[in-house]
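Each residue of the sequence shown is one higher than the last, beginning at 1 in UniProt numbering. Cβ coordinates follow ideal geometry from the N, Cα and C atoms, glycine included. A short worksheet on the structure shown next.
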Amino acid sequence: MWEDIKAFENQLKRTESMPEYIFYDGPPFATGLPHYGHILAGTIKDVVTRYQTMIGHHVTRRFGWDCHGLPVEYEIDIKLGIKTREDVLAMGIDVYNEECRSIVTRYVGEWEKIITRTGRWIDFKNDYKTMDPSYMEGVWWVFAQLYKKGLVLCHTALAAKLHFQILKPGLNYKEVSDPAIMVSFPIIGDPHNAALVAWTTTPWTLPSNLALCVNASFVYVKVQDKLTGATYIVAESRMSVLPSKKSKSDASNGPAQDAKPTSKGSSKEKVKGGKDTGSYELLEKVSGSSLVGMKYVPLFDFFQEYSDAAFRVVSDNYVTDDSGTGVVHCAPAFGEDDYRVCTTSNIIQKGEDLIVAVDDDGCFTDKISEFKGRYVKDADKDIVNVVKAKGRLVHSDRVTHSYPFCWRSDKPLLYRAVPSWFVAVEEIKEQLLESNKQTYWVPDYVKEKRFHNWLENARDWAVSRSRFWGTPLPLWISDDGEEKLVIDSIDKLEKLSGVKVTDLHRHKIDHITIPSQRGPEFGVLRRVDDVFDCWFESGAMPYAYIHYPFENTELFENNFPGHFVAEGLDQTRGWFYTLMVLSTALFGKPAFRNLICNGLVLAEDGKKMSKRLKNYPSPMEVIGDYGADALRLYLINSPVVRAEPLRFKKDGVYSVVKDVFLPWYNAYRFLVQNAKRLEVEGLLPFVPIDHVTLQMSSNVLDQWINSATESLVQFVRQEMDAYRLYTVVPYLLKFIDNLTNIYVRFNRKRLKGRTGEDDCRIALSTLYHVLLTTCKVMAPFTPFFTEVLYQNLRKVCNGLEESIHYCGFPNVRGKREERIEQSVGRMMTVIDLARNIRERHNKPLKTPLMEMVVVHLDADFLEDITGKLREYVMEELNIRSVVPCNDPLKYASLRAEPDFSVLGKRLGKAMGTVAKEVKAMSQADILAFEESGEITFSGHCLKLTDIKVVREFKRPDNVMEKDMDAAGDGDVLVILDLRSDDSLFDAGVAREVVNRIQKLRKKTGLEPTDMVEVFIEPLDDDKSSLEHVLNSQEKYIREALGSPLLSFAMAPPYTVIFCKEKFHGISGLSFAISLARPTLSFNSEAMLALFQGNNEHAEGLKFYLLSRDSSKLKSEFHLSNGKMKVDCIVDQPAVDVVIGGHLFLTVGDYYMSTRPK
């Protein structure tokens, strides 16, 4: 249907003149198929944007694609068998990039199919791609603005600003065995000739060591080996890792979890050593802070030029005592923390070139002369031998751990510093924190804690990558490095270079040079090789996707920051962060105003969803089984919308169908069945009464459901305006439950027309408007289900929109009846409590009881429960009277208990004294406390939340538990008189009879609107007992069935019986029930009189009438006001046949005509 009427496109056209609501859709990679994380985020986005459209906004929704970066290159490297960077250069960047371009949109069709099937409305035809020239030009503009503001740092201007980059980025981990060694670093001038001991799993970093790092707050011990006399310094808590000379070491098995490679494995990876600390003598304990500044003897002399500042002890909190020795060796070229610590401690200066002694192929440079040209991992063994030869090897072992390998070369990944271009985030840190304050997050703790902390510790952001498929940096530099030019547009590049530009990828612009502005003798400027980090591209999305500032200037400037974004928790360090950094740097404000952060969707066993393990059902399988709306509600109603993890369970989706959609649909079906019944009975078709008129209904349940519907509208508006999607479904669930189990259930007589046609139409119209409003309220959440219901509901009401998704969100129209809502809520509590009492005493609802007492202090509620709501309570609980009681002490004794969980921490030692005083409170004290809301003991003021008031049932004297029992919930107390009474026998039997008839109807497959006649035949010899019951309970049975229960003796011989069943031992009685088609009943004398006593003609008329379809016959009589001319019988005179005079349309009608008025 949506495709036929172009619903989404038309919705956008209809709202063009409305205020803009700007939604930013983060671009996913299209190199794989969407998973539950995408569907979850997409559902959140769809719910919010549909809602915003319904409340009067124009919401442009364009899908986006992240086309550049490592995932694409990875696919192509696998496809083409590329192992090294040189392979790409040999092939040609142009060939490589076009291969990348060819696969970027490989799964676009599947994405559109799946996302559309989930019910999400988003524009795929007008999508944006980060590889589009217009988008890439926008990225250039952003970078150029940052450069103009002095927020771009480069390796030639500030050489020490280096990006720590894994040389050969990869995804696969392998279990490997690496050296795990302890190395001594003798302290210069120490009276005991002590040496600090550091542990590392990367011996190849030792030639580049410039410092040792300790934790200033730790206690360190100086211990002497009793056998060798060597003196070592380690953290006191790590002393046990020192090797024992009495037994072989039980050394480390390394880290317990997969991780990216740490700088040297020394601060995070775990090691276990010998436990025999008796091998060492404790000389003294020293603080970590006292070690800071001490100089030590370098292990190698490759960096002697740093000796004035280097080879000393520094401190930082990144050193932990859960692994290693509490001493970390620092090689600033190979560890981010190492680099940070060495620069803040002035071991190296930020303004100087950092010597990185490992080249692009992972081999030592000439700087490390002893191992130059060797691949670093291959040199590990020889480096260990050199350390041992120098007498500095304290212990050597192997560590087995999971380590990342490059997909290209299948070599271990190395962590080292490479020259890079940075955004100076540290310079705008305070502005970032201020921008964050201007945003609204759900849940807020992610903003206040996780994201705030990330911003507070933000460091300069390396935005360049030494790769091929990406947006090239728009930076041209002269050969002498003196002239730099940042290009901010295609037009500018064309003007300065004289070259026509149609594509901004490397192979299309790398050859373009720009003449030096200093003159021809200075040559030309050439572009740097790097491309942008794809996170920079996605962070530029708010500007680039609409080609700002080259187009859409007014649209952007009138609506920035955007109104809404939503992604997963991991984006606090990804897209949310890059959006915030770039917008703050460019405009001094956040990129977005409102944000929903979702958690991770896990497999049912709590593990990550894995295609290999097949530990989760595919999204399309779940949608195929239960529908997209069920999946949407399941996700929205889970902890995952509050940034918590969700263990996905397919059964949970089924529960949504069972608990939400089936009851909701049943309420709708009940409306349809009873609306159709009006026509079946020959009445005018159902047309809903207008909402304003319905607000005047005197029926208490109409007033209640109208008020509850207003509350639903108000609540959903309130929660959606606050972006709390997860609160809506529980509220809806309760509302649907109330609609079906209170309004529909308690109103069955009215809805079935048993209280008169006018009252029936009011009840049906009320139900109609409630369902219509509910559909509109829930349309953003369940777009398919609500559309189906809406299309049927609009058939009986002119002037409704073509689609529910063209409708506005309901406004609060009528008045709320808070008293009625509260009273009905309490009524349901009373019913539940009474049912519990019945169950405890094995008293089924079919067994009538004489009396129920309701105890409560609220006079209004007691008035309602014994007035407006009385008949509903009595019928539902099958009791004869409801007695109000506002004296809480008549049937209960009160006891006060202190809430230790609340008061314990607050009162401390005074808790015991206060507890005694609380427990000693008298009945009068407790009542006074409940009325005033507070009481003071020993100087401590206690509130209602501090004291639990326990109401214990006080049974009247000489009454046993089996005769009277009670139940309460702390608010209302219900007392049931359980004593049997012979006067209740007839009512009990009547309930049993009705119950058997209803079950027989269901067994036969009858719909509630199917008209049948019900006959009963006593099977006992003494038929009087059953006849007595039927006579005394005739009204109840007739109202319960919607028609009289007829004696089988009244069935005419031509009655068509289609079901008959016998029942024995029902309350000591036996009987047979027959279900028959509606049967005509004739007044034979009146029929003969029509033909002046001609019996043949009278029989002919009967035969003709019996041959007619009963529903059509009924309709004809109704249209002619109960009188019909019959002139179609051959050789018989025409006669006027009158309903109630000559015939009755059913035996039941005839029976009722014979009853006294």
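*In the stretch 797 to 877, which residue ranges form an unbroken beta strand (DSSP E) of at least 3 residues, counting only runs that do not cross its ends?*
Those beta strand (DSSP E) runs which fall completely within the stretch 797 to 877 and span 3+ residues are 849 to 855.
**Prompt:** Looking at the structure shown, is ARG951 part of a helix, part of a strand, or coil, going by DSSP?
**Reply:** Numbered from 1 along the sequence shown, position 951 holds the residue referred to as residue 951. Reduced to three states, the DSSP call for ARG951 is strand.
| Under a three-way DSSP split, which group does MET1152 fall into? | One-based indexing of the sequence shown puts residue 1152 at position 1152. For MET1152, the secondary structure class from DSSP, reduced to helix, strand or coil, is helix.
Which ranges would you report for the beta strand (DSSP E) in the stretch 352 to 440 if only whole runs of at least 3 residues count? Listed in chain order, the complete beta strand (DSSP E) runs (minimum 3 residues) inside the stretch 352 to 440 are 393 to 405, 415 to 419.
Kindly list the residues whose CB is nearer than 7 Å to the CB of ASP990, restricted to its own chain and excluding five residues on each side of it in sequence; keep chain order. Here residue 990 is taken as the residue at index 990 of the sequence shown, counted from 1. Position check: residue 990 holds Ala in this sequence, whereas Asp was assumed. Correct list, in chain order: VAL1029, GLN1033, TYR1036, ILE1037.
Which residues does DSSP pair with GLN224 in a beta bridge?
What you label residue 224 is simply residue 224 of the sequence shown in a count that begins at 1. According to DSSP, residue pairing for GLN224 in a beta bridge involves THR231, GLU281.
Next on the checklist: Taking contact to mean 3 or more Cβ pairs, one atom from each stretch, closer than 8 Å, check whether the stretch 132 to 146 and the stretch 480 to 494 are in contact.
Outcome noted: Short answer: they touch.
Using only the alpha-carbon positions, how far apart do PRO474 and ARG527 sit? The count along the sequence shown starts at 1 and reaches residue 474 at position 474. The count along the sequence shown starts at 1 and reaches residue 527 at position 527. Near 7 Å, if we compare the C-alpha coordinates of ARG527 and PRO474.
Out of curiosity, what's the CA-to-CA distance linking VAL1138 and VAL687? Along the sequence shown, read from residue 1 onward, the residue named residue 1138 stands at position 1138. Along the sequence shown, read from residue 1 onward, the residue named residue 687 stands at position 687. Approximately 30 Å, taken between the alpha carbons.
- Query: How big is the Cα-Cα spacing for LEU282 and ALA211?
  - Reply: Working through the sequence shown from its first residue, we reach residue 282 at position 282. Working through the sequence shown from its first residue, we reach residue 211 at position 211. Answer to the nearest angstrom: the Cα atoms are 25 Å apart.
ask   = Apart from the five residues on each side of it in sequence, which residues of its chain come closer than 7 Å, Cβ to Cβ, to GLY1042?
value = Position 1042 of the sequence shown, counted from the first residue, corresponds to residue 1042. Result list for GLY1042: LYS752, ARG754, in chain order.
- request: For CYS100, count neighbouring Cβ atoms within 10 angstroms of its own Cβ and tell me buried if that reaches 16, exposed if not.
  value: Numbered from its first residue, the sequence shown carries residue 100 at position 100. For CYS100, the number of other beta carbons within 10 angstroms of its own is at least 16, and it is reported as buried.
Exercise for the section: Following the continuous alpha helix (DSSP H) through THR936, name the residue where it begins and the one where it ends. Expected result: Residue 936 sits at position 936 when you count from the first residue of the sequence shown. From DSSP, THR936 is part of no alpha helix (DSSP H) but of the beta strand (DSSP E) over 934 to 937.
Note to self: Looking at the secondary structure, which residues open and close the alpha helix (DSSP H) in which LYS1125 lies?
What the structure shows: Sequence index remark: in the sequence shown, residue 1125 carries index 1125 (1-based). Careful: LYS1125 lies outside any alpha helix (DSSP H), inside the beta strand (DSSP E) at 1123 to 1126.
### Query
Any idea what DSSP makes of ASP338, helix, strand or coil?
Reading the sequence shown from its first residue, position 338 is the one you call residue 338. In the three-state DSSP reduction, ASP338 falls in the helix class (H, G or I).
### Query
Can you name the start and end residues of the alpha helix (DSSP H) that PHE670 belongs to?
Numbered from its first residue, the sequence shown carries residue 670 at position 670. Unbroken alpha helix (DSSP H) run through PHE670: 662 to 680.
(Q) Within a Cβ cutoff of 7 Å, which residues of the same chain sit near MET911, ignoring the five residues on either side of it in sequence? (A) Position 911 of the sequence shown holds residue 911. For MET911, where only same-chain residues beyond five positions count, the Cβ hits under 7 Å are LEU903, GLY904.
| field | Which of helix, strand or coil DSSP assigns to residue 1158 | value | Here the chain has residues from 1 to 1157 only, and residue 1158 is not among them.
Measuring straight from C-alpha to C-alpha, what distance separates TYR634 and LYS45? Here residue 634 is taken as the residue at index 634 of the sequence shown, counted from 1. Here residue 45 is taken as the residue at index 45 of the sequence shown, counted from 1. Counting only the Cα atoms, LYS45 lies some 15 Å from TYR634.
- Where DSSP assigns a beta bridge to TRP454, which residues make up the other side? The count along the sequence shown starts at 1 and reaches residue 454 at position 454. Answer by DSSP bridge pairing: none, since TRP454 is not bridged.
Review point. Taking only runs of the alpha helix (DSSP H) that begin and end inside the stretch 50 to 97, which ones reach a length of at least 4 residues, in chain order?
Key: Annotation: the stretch 50 to 97 contains the following complete segments of the alpha helix (DSSP H) (minimum length 4 residues), in chain order: 70 to 80, 85 to 91.
Checklist entry - What whole-angstrom Cβ distance do VAL882 and ARG870 have, given they're in contact under 8 Å? => result The residue given as residue 882 occupies position 882 in the sequence shown. The residue given as residue 870 occupies position 870 in the sequence shown. Indeed they touch by this definition, with Cβ atoms about 6 Å apart.
* **Where the beta strand (DSSP E) through GLY652 begins and ends** => Here residue 652 refers to the residue found at position 652 when the sequence shown is read from its first residue. It is not in any beta strand (DSSP E) - GLY652 instead sits in the alpha helix (DSSP H) that spans 650 to 656.
So, does the stretch 434 to 443 touch the stretch 569 to 584, judging by three or more C-beta pairs under 8 Å? Contact between the stretch 434 to 443 and the stretch 569 to 584 is present, because at least three Cβ pairs lie under 8 Å.
Check your understanding: Is there contact here, the stretch 56 to 67 with the stretch 21 to 33, by at least three beta-carbon pairs under 8 Å?
Key -> Yes, the stretch 56 to 67 touches the stretch 21 to 33.
From the DSSP output, which residues share a beta bridge with CYS213? Along the sequence shown, read from residue 1 onward, the residue named residue 213 stands at position 213. DSSP lists VAL314, VAL328 as the bridge partner or partners of CYS213.
Taking the alpha-carbon positions, what's the SER267 to ASP659 distance?
Here residue 267 corresponds to residue number 267 of the sequence shown, with the count starting at 1. Here residue 659 corresponds to residue number 659 of the sequence shown, with the count starting at 1. Interpretation of SER267 is limited by its pLDDT of 41, a score under 50 that renders its predicted location unreliable; no figure is taken from the coordinates.
TYR445 (DSSP reduced to helix, strand or coil): Counting from one through the sequence shown, the residue named residue 445 turns up at place 445. Correct three-state label for TYR445: helix.
Problem set entry | Beta-carbon gap between MET852 and LEU889 smaller than 8 Å | Within the sequence shown, the letter at position 852 stands for residue 852. Within the sequence shown, the letter at position 889 stands for residue 889. No, Cβ-Cβ distance for MET852 and LEU889 is not below 8 Å.
According to DSSP, is CYS154 part of a helix, a strand, or is it coil? As a working mapping, residue 154 is identified with position 154 in the sequence shown. It is coil, neither helix nor strand.
| To the nearest angstrom, how far is it from the Cα of residue 1197 to the Cα of THR578? | Within the shown structure, residues of the chain are numbered from 1 to 1157, placing residue 1197 beyond reach of any answer.
query: Which runs of the beta strand (DSSP E) spanning at least 3 residues fall entirely within the stretch 536 to 586, listed in chain order?
result: Runs of the beta strand (DSSP E) inside the stretch 536 to 586: 562 to 568.
Rounded to the nearest angstrom, what separates PHE735 and SER466 at their Cα positions? Mapped onto the sequence shown, residue 735 falls at position 735. Mapped onto the sequence shown, residue 466 falls at position 466. Roughly 58 Å between the two C-alpha positions.
Report, in whole angstroms, the separation of the C-beta atoms of SER287 and VAL219, which I expect to be a contact under 8 Å.
-> To locate residue 287, count along the sequence shown from 1; it is residue 287. To locate residue 219, count along the sequence shown from 1; it is residue 219. The pair is a contact, with the Cβ atoms about 6 Å apart (cut-off 8 Å).
Checklist entry - Grouping DSSP H, G and I as helix and E and B as strand, with all else coil, what is SER464? => result For this step, residue 464 is matched to residue 464 along the sequence shown. Here SER464 sits in strand by DSSP.
Neighbourhood of TYR872 by C-beta distance below 8 Å, restricted to the same chain and skipping five residues each side: In the sequence shown, residue 872 corresponds to position 872, counting from 1. Closer than 8 Å at Cβ, skipping near neighbours: LEU701, PHE746, MET827.
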